[in-house]
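Worksheet: the structure to be examined is printed underneath.
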Amino acid sequence: MYNQFRTAILLGALTALIIFIGNLMGGRQGMYIAFFIALIMNFGSYWFSDKIVLAMYRAQEVSQNEDPELFDLVRELAHRAGLPMPRVFVIPEESPNAFATGRNPEHAVVAVTAGLRRLMSRDELAGVLAHELAHVKNRDILIGSIAATMAGAIMILASMARWAAIFGAGRDDEEGGGGIIGLLAMTIIAPIAALLIQMAISRSREYLADSTGAGFVGHPEPLARALTKLGQASRRLPLEANPASAHMFIVNPLSGRSLMSLFSTHPPLEERIARLRAMG
């Protein structure tokens with residue numbers, strides 16, 4: 074309940090930030106423009122993000138005949154979770170990782186890398202898959218997409234505000250806007266604030282998916298062991314991932330890059346593992 078409430082507050086903060094930037098750019102009209110941009114971006118993300126990300130990582134759908142262990146394990150866990158059977162994909166990458174996507178449980182996809190299949194025991198693989206199905210159950214895919222696209226809208230608006238300030242298009246303070254100084258300040262502050270809020274949302278949902286997924290398996294230890302292996306392997310062999318989709322994976326695929334790890338969308342693995350083992 075705490076994580077759900079926190080997510081609602083953080084999404085509200087992103088919305089407020091979009092509206093505030095729009096107001097700085099052009100008062101009430103700017104607010105309407107900002108809201109329209111966010112609405113269009115969210116609509117596109119809701120309907121097409123699964124197809125985009127699967128194509129991005131060259132994921133290939135597998136059938137029960139092609140990988141019976143993986144397929145049957147997903148089906149068993151989906152049944153336990155009370156979810157429809159998702160489509161199952163394998164990503165041809167050696168770096169071990171996994172993600173779930175899809176606009177709702179009826180259109181969900183679970184994808185794992187080839188490296189993950191080779192690294193995990195059956196119990197550990199079940200822990201990873203249960204975590205991803207927990208994201209589906211908790212509607213984290215939709216929430217994460219909304220947060221990412223709202224943050225993207227803020228980046229666009231900040232860029233527009235920068236050009237508005239350069240060409241003197243910002244509203245004067247007397248007219249209700251923030252003026253050129255306000256616009257320039259917001260082009261620096263807003264993207265950082267949006268990134269921090271998006272990170273906080275993603276971290277809350279990861280903790281929730283860990284605990285929910287452990288419930289699907291029946292014990293937190295398989296997922297704790299899997300996360301330990303994933304942390305060690307991803308440092309040795311980080312995935313060549315698009316930063317915009319990094320929040321989708323079970324562990325941060327960019328963890329091998331020191332600069333990107335400063336802005337991680339995932340909680341520290343050590344903390345996640347400690348929380349899981351405390352559950353046990």
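Every number in my numbering is 73 more than the matching position in the sequence shown, counting from 1.
Ideal Cβ positions, reconstructed from N, Cα and C, are used throughout, including at glycine.
Straight through space, the alpha carbons of L342 and L349 are spaced by roughly 11 Å.
Nearest in C-alpha terms to A306, of all of F109, D140, L192, is L192. Contact between the stretch 258 to 272 and the stretch 165 to 173 is absent: fewer than 3 CB-CB pairs across the two stretches fall below 8 Å. With at least 16 other beta carbons inside 10 angstroms of its own, A207 counts as buried. Around I346, the same chain offers A297, L300, T301 as residues with beta carbons nearer than 7 Å, after the five sequence neighbours per side are excluded. Straight-line spacing of the CA atoms in L156 and H180 works out to 11 Å.
Between M321 and F172, the C-beta gap is smaller than 7 Å, which places the two residues in contact. In the DSSP annotation of this structure, the continuous segment of the beta strand (DSSP E) that includes V183 starts and ends at 182 to 186.
Annotation: the continuous beta strand (DSSP E) that includes F162 extends over 160 to 164. Following the DSSP letters along the chain, one finds F172 in no alpha helix (DSSP H) but inside the beta strand (DSSP E) bounded by residues 171 to 174. Between V324 and A199, the C-beta spacing is not below 7 Å. R195 has its alpha-carbon roughly 9 Å from the corresponding atom of L143. The three-state reading of DSSP puts E139 in coil, since its state is none of H, G, I, E or B. Per DSSP, reduced to three states, the secondary structure at E167 is coil, with no helix or strand assignment. At least 7 Å separates the beta-carbon of D140 from that of V182. In this chain, the alpha helix (DSSP H) harbouring G304 covers 294 to 309.
By the criterion of at least three beta-carbon pairs nearer than 8 Å, the stretch 281 to 295 is not in contact with the stretch 308 to 319. Where R350 is concerned, the enclosing alpha helix (DSSP H) starts and stops at 342 to 352. Relative to the Cα of T174, the nearest Cα in the group H339, S318, R308 belongs to S318. For the 7 Å CB-CB criterion, L189 and L150 do not form a contact. Of T260, S277, S284, the smallest CA-CA separation from L90 is found for T260. Apart from sequence neighbours up to five positions away, the residues of its chain that approach N211 with a beta-carbon distance below 8 Å are R278, L281, A282, T285, ordered along the chain. Of the candidates M272, L230, I270, L230 places its Cα closest to the Cα of I106.
Look at E134 here: in three-state DSSP terms it is strand. Our two residues, I113 and I219, have alpha carbons roughly 11 Å apart in a direct line. Between A132 and A184, the CB-CB gap stays under 7 Å. Between E134 and F162, the gap from beta carbon to beta carbon is short of 7 Å. Nearest to V209 by alpha-carbon distance, out of G353, M233, A154, I82, is A154.
Rounded to whole angstroms, the gap between the alpha carbons of Q271 and N138 is 39 Å.
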